[in-house]
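**Q** This structure is in structure tokens; I'll ask about it shortly.
In the working numbering, the protein residues as written are 2 to 113.
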């Protein structure tokens, strides 16, 4: 079971999602972006998918509309309450776990 992040970590993650949303105008709404998932330094998944970022008071989510392979191995929703987000050079990074409990990093970069 995922553990709640501290309020400071939640605020930092919410700021990262906000930075991603305002990096490019289309990031504020549902848009297509490259989703690269790695674990232990190896690429596990690399596709262009629909991304839906959402921010409300003290709560932020990123929804990923994936294909069958994505839905089998990964979650469709990531939240600042349970995952760690950061924003670096136009890429939103999410530290999370897959459905099997393995540590993963999800990199979301605009399709270009």
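Yeah, the Cβ is synthetic: ideal placement off N, Cα and C, and Gly gets one too. It should be emphasised that the depicted structure is a prediction, and the values quoted were computed from it without experimental measurement.
1. Reducing DSSP to helix, strand and coil, say where residue 75 ends up.
2. Would you mind reading off the limits of the alpha helix (DSSP H) that contains residue 14?
3. Tell me, to the nearest whole angstrom, how far the beta carbon of residue 38 is from that of residue 89; I am working on the premise that it is less than 8 Å.
4. Can you check DSSP and say which residues form a bridge with residue 64?
5. Could you tell me the alpha carbon to alpha carbon distance between residue 41 and residue 98, rounded to whole angstroms?
6. In terms of alpha-carbon separation, which member of 16, 75, 68, 87 lies closest to residue 103?
7. With 16 other CB atoms within 10 Å as the buried threshold, where does residue 70 fall?
8. Residue 95: which of 21, 7, 8 sits nearest, CA to CA?
9. So is the beta-carbon of residue 86 under 7 Å away from any non-hydrogen atom of the ligand ZN?
10. What is the DSSP secondary structure of residue 84, reduced to helix, strand or coil?
**A** The relevant details are as follows:
1. Of the three classes helix, strand and coil, the one that applies to residue 75 here is coil, per DSSP.
2. For residue 14, the enclosing alpha helix (DSSP H) has its first and last residue at 8-24.
3. The pair is not a contact, with the Cβ atoms about 16 Å apart (cut-off 8 Å).
4. 53, 78
5. In this structure, the CA atom of residue 41 is about 12 Å from the CA atom of residue 98.
6. 75
7. Classification for residue 70: exposed.
8. It is 21.
9. Absence of the ligand ZN from the depicted structure is noted, as is the absence of any ligand whatsoever, leaving it without description.
10. coil
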